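Read through the structure below, which is laid out as C-alpha cells, and then see the notes.
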Amino acid sequence: MNMRKLLLLAIILRLFVSGLLFHPDIKTIAFQTSFLRSGVTDIYTFLLESKASLPLKEEFVYFPLTYFTIGGYQALIAPILGNNFNNWLIDAGANSVVNNPHVIKYLLFLKMPLLFMDILIAFLLLNYFKKREDGEKAFTLWLFNPFTIILIYAFSNIDIYAVLLTVIAFLYIKREKLLTASVFLGLAIAFKLYPLLFVPFLFLKAKDIKEKVLSVVIPISIFLFTIIPFWSKSFVDSALLSGLSTRIFTPNFTIGSGESIIIPMFAITILFFSTWLDGKEIKLFNCFIVLLLIMFSFSHYHISWLLWISPFLTILIVKRPKLMWLVAIWALLAVLIPLFYSDRSMTISLFRIYSTWYDLLPTPFVVTQKFYDPLGVQSLIHSVLAGLSVVIGYKILKNEE
Amino acid sequence: MKNNIIIFTTCLIAFLLFVLPILMIIPIKMVPSGDQPGYGDMGRVSVYGLREFKQIFVSTDKNLVAIGTTIKNPNLKNKKNILFNLYDEKGSLIRTTILNGFNIGDGDFVKIIFEPIIDSKDKKYYFTLSSPTAGEEEIIELFLIKPTNEVLEYTYDEETKFGGIPMVTYHKSGSIIEKIKRVYFNLILKL
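Structure below.
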C-alpha cells in the first residue's frame, strides 16, 4: 500500500472513531472554551464567579494556552455549526447531549484539530530517521496502532498539543539545536506540565554554561509568560495544582514522623544523577522514555497521559525491533489499568452515541467486583507494568545505541 | 510487518465500532421507555407507616417489566420492607414486589422489577409504594415532578394532584435482531 492510500485509510479510521465514540470531557471543554467567543480571557475566575448560573459546574483544569487554542478554533467553527451547536454546548442533560441529532457532526468538528496534530506527528516520525525505510515504519506504526487511535479520538485527548510540541523539541535535540528545542519544550509545558520534567535533562545535555542556563530559562520563561497574566487562586487551584498535575507526587512510602519518600521523584533523581555521572554522551531519547516509564509505573495515571509516551515508544520499536513485543505488552497493560477504574466514561459510556441503553450495563469494575476486588486486579496489573518498565528501561539504558 | 499491523489495527477498530456494540446489546434484558425526567423542582414526599404513595401512569410500550425511580433513604435509616403493588386501571392487583430499605442508598436510582405484562402498551396502571412497618425516623422520600406523557397523577396523604415521581418504565427487550436494529437505527438518525 502506498503512502497516500495508507494515510487515507488512517484518516477514515480516525473519522469513524471520532464520530462514534464519545467521552464527556470533549463536551465540557468545548463548553468552557466557548466563553472565549464572548470575550472571556480569564476563564478560571469567570467559571468560579459564574458557577451558580452555569449549566456545567466543572473547573477548567488546563492551562491558558489550551483555552486560547481550543477556544480560538471553536470561534472559527461555531458559525459553520450554527445556533444548535451553542444550544448543545449549554445542554447539561446527560442523555439529550448524546441524543442530539447533530452530535456526530459536532464531534467530528471538535476533534478535527486532534486529527491535524496526529497526522503532523506521523510526518515528523517519518522524517525522524536517516533511513527512509525506518521512517516509513515509524509512520505506519504511529498511524496504525490501536492505542494511539483510541487514546486520541475516543478520549478526545487534548494532551496531543503538548505531545506534538515535545516531539518537535525532540527533533531539534536530535539535530543538536538545544535552544530551539527548549522553545518548543516551553510551549509544550504551556499546554501541559509534564514536559517540565525533561528540562533538567536538557540542562545536562547542554554543552556550556550559557547553553545550560538558557536551556532551563527559556522553557520556564515561556511557561511563566503564558500563565502569569492569569495567576489567581482559582487558576492555581483548578489548573496548576489540580489533582491531575500533582498525582505524580502522591505515591510514597513513609519514613516516620510524617515524612515520606516520593517514589517517582526518588526514581527520577536516580536517573538524573546516574546520567550526569555516567561520563558517556547523554542520550536524551533514553532519558525521556525512562522518565516516562517511571511515571507510569508509580502513579495512578489518567488514560490520556499514555499519549505522552506513545511517540517515544514508536521510535523505540523502530530502533530496537527486538523490544516490540515487550513494548506491545507494556502498552496493553497500560491501557488495561484505567479500564478497571470505577468510571463509566472509561469504557461503557464511550458508546452512548449508539444508545443510552448501554447505561444499563455494568462497568468492568462492577463485573470484577462480583469475583474479586477490582482494585486488587488493578494493583496486580500495575505491578506487572512496573516490573516490565524496569526491564524495558534497563534494556534501553544498557544498550545506548 | 507493516501490512500485518495495518490489517490488525483496521480489523480491531472495525470490531470495536461495529461488532462490540452488538455484543454489548446481548446482555440487555430490558430497555427503558425513555430518559428519567429531571427532578427536584416540585418538592418531595415521605413514605412511612400509613403514609402510602399512589401513582397513576401510562405504559408507552408492551412487555412492561420494571419501574425505575430515584428514592431517598435519608441517613440510610430505613431498613424495613418497602411494598410495591401494581394495579391495572380497574383496580385489580396484578403484581407485587417487596424491596428492603437496607438495599437502598440515599438517592439511589431503584428499579422495581416484576413479571412482564405482555399487552401493556398504552394502558393505564397505578402502583402504591408503602413501608408500613417504618416509623417517622425511618422514612423514604420520593421526588415529585409535573405531569408528563407517562406520569399522570399521584395521591398522597389523601390528596390527589397532577404529576408524580420522576419514573421511567422498563420493557422486556425484543429479540437480538430487534435490539440491534433499534440501536443502529438510532445511530443512523444522527448521521
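Protein chains in written order, with our numbering: chain A, 690 to 1090; chain B, 3 to 193.
Even glycine gets a Cβ: it sits at the ideal position worked out from N, Cα and C.
These numbers were taken from a predicted model, which means no experiment stands behind them.
Within the stretch 8–94 of chain B, the runs of beta strand (DSSP E) that reach at least 3 residues and sit entirely inside it are, in chain order, 32–34, 46–49, 55–61, 66–74, 83–90. Taking a contact to require three or more Cβ pairs closer than 8 Å, the stretch 897–913 of chain A and the stretch 975–993 of chain A do not qualify as touching. Sixteen is the threshold: since fewer than 16 other Cβ atoms of the shown chains lie within 10 Å of the Cβ of A/N772, the residue is exposed. Going by C-alpha positions, A/I808 is about 47 Å away from B/V112. At a C-beta separation below 8 Å, B/T11 has these neighbours in chain A: L702, F833, N834, P835, I838. Following the DSSP letters along the chain, one finds A/S1072 inside the alpha helix (DSSP H) bounded by residues 1063–1087. Identification of chain A residues near B/D37 by a Cβ-Cβ cut-off of 9 Å yields G782, A783, N784, S785, N788, T1045, ordered along the chain. The count of Cβ pairs closer than 8 Å, one atom from the stretch 748–761 of chain A and one from the stretch 720–727 of chain A, reaches three, so the stretches are in contact. For the pair B/L144 and B/G165, the CB atoms are not nearer than the 9 Å cut-off. A/F711 is positioned such that its CB atom lies closer than 9 Å to that of A/S1038. Contact annotation: A/L982 and A/I1081 have beta-carbon atoms nearer than 9 Å. Against chain A, the beta carbon of B/L66 has no neighbour under 9 Å; the closest one sits roughly 16 Å away. Rounded to the nearest angstrom, the Cβ distance from B/T171 to B/T71 is 10 Å, too far for a contact under 8 Å. Chain-ordered, the chain B residues with CB closer than 8 Å to the CB of A/T829 read K4, I7, I8.
Distances from the alpha-carbon of B/G137 to those of B/K126, B/K174, B/N75 put B/N75 closest. In this structure, the beta-carbon distance from B/T150 to B/F55 does not fall below 9 Å.
Closest option to A/I950, judged by alpha-carbon separation, among A/A956, A/N941, A/T958: A/N941.
Between A/I878 and chain B, the shortest Cβ-Cβ separation is not below 9 Å. Using a CB distance cut-off of 9 Å, A/H791 counts as an interface residue toward chain B. Out of A/T755, A/K863, A/W1014, the CA that lies nearest to the CA of A/L803 is found in A/T755. Interface annotation, B/P23: in contact with chain A, CB-CB separation under 9 Å. For A/Q1067 and B/R97, the gap between their C-alpha atoms comes out near 43 Å. In terms of beta-carbon proximity, B/M169 stays away from the interface with chain A, with every pair separated by 9 Å or more. Residue pairing of A/N784 in beta bridges, as defined by DSSP: absent, with no partner found. A check of alpha carbon separations from A/F774 across A/L796, A/P753, A/N784, A/A783 identifies A/L796 as the nearest. Contact note: A/L770 does not reach chain B at a C-beta cutoff of 9 Å; the least C-beta distance is about 15 Å. Across the set A/F887, A/L996, A/E970, the C-alpha of A/F887 shows the shortest separation from the C-alpha of A/T958. Chain order gives no chain B residues near A/L803, where near means a beta carbon separation below 7 Å; the closest approach is about 16 Å. Residue burial is scored here from C-beta neighbours: B/G176 has fewer than 16 other C-beta atoms within 10 angstroms and is therefore classed as exposed. Leaving aside the five residues that flank A/H1071 on each side, the residues in its chain whose CB is nearer than 7 Å to its CB run, in chain order, I1026. B/T11 has its alpha-carbon roughly 17 Å from the corresponding atom of A/L1022. Residue contact with chain A for B/Y186: present (Cβ-Cβ distance below 9 Å to some residue of chain A).
Proximity of the stretch 1006–1021 of chain A to the stretch 905–925 of chain A falls short of the contact definition, fewer than three beta-carbon pairs being nearer than 8 Å.
Nearest in C-alpha terms to B/Q57, of all of B/K125, B/H173, B/K181, B/K163, is B/K163.
Interface flag for A/V1066 against chain B is unset, since no Cβ pair is found closer than 9 Å.
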